[in-house]
Amino acid sequence: MSTEKFDAIVVGAGPAGAAAAITMAQAGLSVVLLERGEYPGAKNVMGGVMYGRMVADVVPEFWKLDAPLERVVVEERVWITTEEGVVSLGYRNPRQAYHPDGCPNAFTVLRARWDRWFAARAEEAGAILVPQTVAEDVIWQDDRIVGVRTGREEGDLYADVVVIADGVNSFLAQRARLRDHPVAPHHLALAVKEVIGLPPEIIESRFNLEPGQGVTIELYGAVTDGMSGYGFLYTNRDSLSVGVGVLVSHLMRTRRTPYELLERLKQHPAVRPLLTGGEVLEYAAHAIPEGGYEAMPRLFGNGVLIAGDAAMMVNGLHREGSNLAMAAGRLAGETVIEAKRRGDFSARTLALYEAKLRESFVLQDLVKYRHLPELADRRPDLFRIYPHLVHDAVHEMLTVDGLPKRAKQRRIWQEITRRRRPLQLLRDLYEIWRAVR
Amino acid sequence: MRLEEKLYLLRWKHDRQSHIAITDPATCRDRCGKTWGRPCTTFCPARVYEWDPAEGRIVVYYENCVECTTCLVGCPYRVIDWRLPRGGFGIQYRYG
Ligand SMILES: Cc1cc2nc3c(=O)[nH]c(=O)nc-3n(C[C@H](O)[C@H](O)[C@H](O)COP(=O)(O)OP(=O)(O)OC[C@H]3O[C@@H](n4cnc5c(N)ncnc54)[C@H](O)[C@@H]3O)c2cc1C
Ligand code: SF4
Ligand code: SF4
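For the protein sequence lines, the chains are A and B, in the order given. Quick note: the first sequence uses the numbering used here, first residue 1, plus one each step. Quick note: the second sequence uses the numbering used here, first residue 438, plus one each step.
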């Protein structure tokens, strides 16, 4: 590679890196986008819900282009599961699935396709995409980062700023001295997933959809078998994405295997009929950074910024990650543009990035839920106890056996307090409220 | 569906050299079994790690690795040296 110097090197062509590269390239900066996979997306897995607003912030009116959207989400369901039953909550409104400008709010994607398309938008804007290339280290000059060492021969690349967007368990975060300690097991979830092929018409009739419309289902409770986490089932055009993710600390403790957990979820009486006749097309696994605000690295340094999963920017409660990654990538890009205008790439100017993040939903949401990861690690029992209580209460109310409703209420309350003393109940509710308020 | 069949669906570009090494096999043998039950043999979604009781060591089937990075944090003694496969090598998802 040449010894020419770029304005910016972006490491990782996921949502964060591509958004950063698009933003900077559109402003005329010279940008290199490094990706270790054979193509962008080759290494990437997600459940599959992408958020339109954050895509449109970097690729305006993307929905009018040939973007590989699978289905626009018109209905979201939450299933609270016991071994056999489900209490279901849902929201459906096809008209409100779009923002007023026509941008879809949420849609499903398959990352191997989506990432390739999204990274191509960076190339279109003028960024140089270099796939099959691992950024192995950052290059220091005194106390500032001036480039990246790649695994290629003569592979040193130089730039004013390096944007680290290499995803969960970022190696470069440590090399750039933004993180002192490796990620802890209770700050990481492991998710396994399958893509199951089914004809579009069958998906549409099974899930009550028009062509192009999609459903998401999140499953809590028994499907994680006493560990903190949740399952998911999303509709794609001609396939379903079904998976489950739990904290690594709990997998270590219980010694359950992730693939058995997934098989169990697929066999749940409420899930199995939805998958019938489907053909497994792919099995995949990927980690999710769940440590939240308390586990974030420093976000900037001299000549360096970090965005997305590499910086723990995931809102686990709302299954949001791609949107935080894209928003942070864009803000990182805007910061570099401003730094170039000022001609200063030191931490003093790049601190602007953190200020921008604090003004946006990214850090505001992460701060809001800062206590949740600790609770999830400490109290996996909440994922077992409460789904059962809710399930049994609903069952009681719906069972028509001649007992008056007031008596049923009394029975439900007795049953709840038998299993959970009122004081415990209050303490649990307080803990949960404190973690999400 | 068994794990073997699931892995059979996947595509890799295999490197001849392993990107995974156990830095201190004695820890697996003498400490981890009693205290932790060798969790790498259970949490790894591609069953890359297998305990060989005859040899008294963990065997690493690095070709099966799907690069989820869990073993970077899941080994309680941090004796798994897991590195990114070289550029272009390793798992290649078609859906993801
Ligand atoms: C099973 C699962 C389900 C999920 N579901 C959702 C969901 O429904 N909605 C949602 O919003 N989020 C979801 N997430 C989270 C979401 O996937 C992530 O938050 C998001 O992908 C983060 O984007 P990123 O660009 O920061 O990282 P990534 O998408 O991981 O991208 C990092 C990129 O960097 C590359 N790379 C890594 N190291 C190097 C290196 N040294 N050199 C060169 N390239 C490198 C990788 O190959 C990769 O392409 C889910 C995650 C998982 C695992
Ligand atoms: S978890 Fe770590 S210490 Fe335990 S057996 Fe596996 S590699 Fe060895
Ligand atoms: S990265 Fe994941 S798949 Fe690969 S060896 Fe580690 S735990 Fe197993």
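Every residue, glycine too, gets a C-beta built ideally from N, C-alpha and C. Keep in mind it's a predicted model, so treat the numbers as computed, not measured.
Terminal residues of the alpha helix (DSSP H) in which residue i lies
{"i": "Ala435(A)", "result": "422-436"}
{"i": "Phe232(A)", "result": "Unbroken run through Phe232(A) is the beta strand (DSSP E), 229-235; no alpha helix (DSSP H)."}
{"i": "Thr133(A)", "result": "Premise fails: Thr133(A) is in no alpha helix (DSSP H) and is neither H nor E."}
{"i": "Glu354(A)", "result": "352-359"}
{"i": "Leu247(A)", "result": "Run containing Leu247(A): none in the alpha helix (DSSP H); it sits in the beta strand (DSSP E), 239-247."}
{"i": "Val510(B)", "result": "508-511"}
{"i": "Arg144(A)", "result": "Here Arg144(A) belongs to no alpha helix (DSSP H); instead the beta strand (DSSP E) covers 144-150."}
{"i": "Leu172(A)", "result": "171-175"}
{"i": "Arg439(B)", "result": "No alpha helix (DSSP H) holds Arg439(B); DSSP gives it neither H nor E."}
{"i": "Glu124(A)", "result": "111-124"}
Reduced DSSP category for residue i - H, G, I as helix; E, B as strand; rest coil
{"i": "Ala19(A)", "result": "helix"}
{"i": "Lys43(A)", "result": "coil"}
{"i": "Asn302(A)", "result": "coil"}
{"i": "Arg272(A)", "result": "helix"}
{"i": "Met1(A)", "result": "Because Met1(A) carries a pLDDT of 49, less than 50, the predicted location of this residue cannot be relied on, and no value is offered for it."}
{"i": "Thr254(A)", "result": "helix"}
{"i": "Pro404(A)", "result": "coil"}
{"i": "Gln213(A)", "result": "strand"}
{"i": "Arg384(A)", "result": "helix"}
{"i": "Pro476(B)", "result": "coil"}
{"i": "Tyr451(A)", "result": "No answer is possible for residue 451(A): it lies beyond the span of chain A, which begins at 1 and ends at 437."}
{"i": "Leu521(B)", "result": "coil"}
{"i": "Leu366(A)", "result": "helix"}
{"i": "Tyr498(B)", "result": "coil"}
{"i": "Tyr530(B)", "result": "coil"}
{"i": "Thr81(A)", "result": "strand"}
{"i": "Met54(A)", "result": "helix"}
{"i": "Gln454(B)", "result": "coil"}
{"i": "Pro104(A)", "result": "strand"}
{"i": "Ala307(A)", "result": "coil"}
{"i": "Glu76(A)", "result": "strand"}
{"i": "Tyr445(B)", "result": "helix"}
{"i": "Ala376(A)", "result": "helix"}
{"i": "Ala8(A)", "result": "strand"}
{"i": "Val33(A)", "result": "For the sequence presented, residue 33(A) should be read as Leu rather than Val. The answer is strand: DSSP assigns Leu33(A) an E or B state."}
{"i": "Arg179(A)", "result": "coil"}
{"i": "Asp137(A)", "result": "strand"}
{"i": "Gln267(A)", "result": "helix"}
{"i": "Val394(A)", "result": "helix"}
{"i": "Gly48(A)", "result": "coil"}
{"i": "Tyr98(A)", "result": "strand"}
Residue i - containing beta strand (DSSP E), residue span
{"i": "Ala284(A)", "result": "279-289"}
{"i": "Thr486(B)", "result": "Residue identity check: residue 486(B) is Tyr in the sequence provided, not Thr. Unbroken beta strand (DSSP E) run through Tyr486(B): 486-489."}
{"i": "Ala159(A)", "result": "156-164"}
{"i": "Met326(A)", "result": "Here Met326(A) belongs to no beta strand (DSSP E); instead the alpha helix (DSSP H) covers 322-342."}
{"i": "Ala191(A)", "result": "188-197"}
{"i": "Tyr91(A)", "result": "86-92"}
Contact test: residue i Cβ vs ligand 4 heavy atom, cutoff 8 Å
{"i": "Pro182(A)", "result": "Within the structure as shown, ligand 4 is missing, the only ligands being ligand 1, ligand 2 and ligand 3."}
Neighbour list for residue i in chain C, Cβ cutoff strictly below 8 Å
{"i": "Asn44(A)", "result": "As a matter of chain content, chain C is missing from the structure shown, whose protein chains are A and B."}
Select from the segment 514-530 of chain B all residues with a C-beta closer than 7 Å to any C-beta belonging to chain A, and list them in chain order.
Leu521, Arg523, Gly524, Gly525, Ile528, Gln529, Tyr530
Stretch-stretch touch, CB-based, cutoff 8 Å, three pairs: the segment 156-170 of chain A with the segment 482-490 of chain B
no
Does the count of Cβ pairs from the segment 290-306 of chain A and the segment 452-470 of chain B closer than 8 Å reach three?
no
Can you pull out the residues from the segment 494-510 of chain B whose beta carbon lies closer than 8 Å to at least one beta carbon of chain A?
Val503, Glu504, Cys505, Thr506, Thr507, Leu509, Val510
Counting only Cβ-Cβ distances shorter than 7 Å, please list the residues of the segment 120-132 of chain A near chain B, keeping chain order.
Gln132
Cβ pair count under 8 Å reaching 3, the segment 472-479 of chain B against the segment 506-515 of chain B:
yes
Check whether the segment 488-496 of chain B touches the segment 420-435 of chain A, taking contact to mean three or more Cβ pairs, one atom from each stretch, closer than 8 Å.
no
Can at least three beta-carbon pairs, one atom from the segment 304-322 of chain A and one from the segment 274-293 of chain A, be found at a separation below 8 Å?
yes
Counting Cβ pairs closer than 8 Å, one from the segment 346-353 of chain A and one from the segment 384-402 of chain A, do we hit at least three?
no
Counting Cβ pairs, one atom from each stretch, are 3 or more of them under 8 Å apart for the segment 210-217 of chain A and the segment 252-265 of chain A?
no
Output, in sequence order along the chain, the residues in the segment 466-480 of chain B whose CB is closer than 8 Å to any CB in chain A.
Trp473, Gly474, Pro476, Thr479, Phe480
For the segment 242-259 of chain A, enumerate the residues whose C-beta is nearer than 9 Å to any C-beta of chain B, in chain order.
Val248, Ser249, Leu251, Met252, Arg253, Thr254, Arg255, Arg256, Thr257, Pro258, Tyr259
Where the segment 267-289 of chain A meets chain B: residues whose CB sits under 7 Å from a CB there
Val280, Leu281, Glu282, Tyr283, Ala284, Ala285, His286, Ala287
Stretch-stretch touch, CB-based, cutoff 8 Å, three pairs: the segment 188-203 of chain A with the segment 235-246 of chain A
yes
Residues of the segment 187-201 of chain A with a CB closer than 7 Å to any CB of chain B: list them in chain order, please.
Leu188, Leu190, Val192, Val195
Taking beta-carbon pairs under 8 Å, can you tell me which members of the segment 10-33 of chain A lie near chain B?
none
Listed in chain order, which residues of the segment 132-151 of chain A have Cβ atoms closer than 7 Å to some Cβ of chain B?
Gln132, Thr133, Val134, Gly151
Closer than 8 Å between beta carbons: that is the criterion. Which residues of the segment 159-177 of chain A meet it against chain B?
Val168, Asn169, Phe171
For the segment 217-240 of chain A, which residues have a CB atom closer than 8 Å to at least one CB atom of chain B, in sequence order?
Ser239
Is there contact here, the segment 321-334 of chain A with the segment 357-365 of chain A, by at least three beta-carbon pairs under 8 Å?
yes
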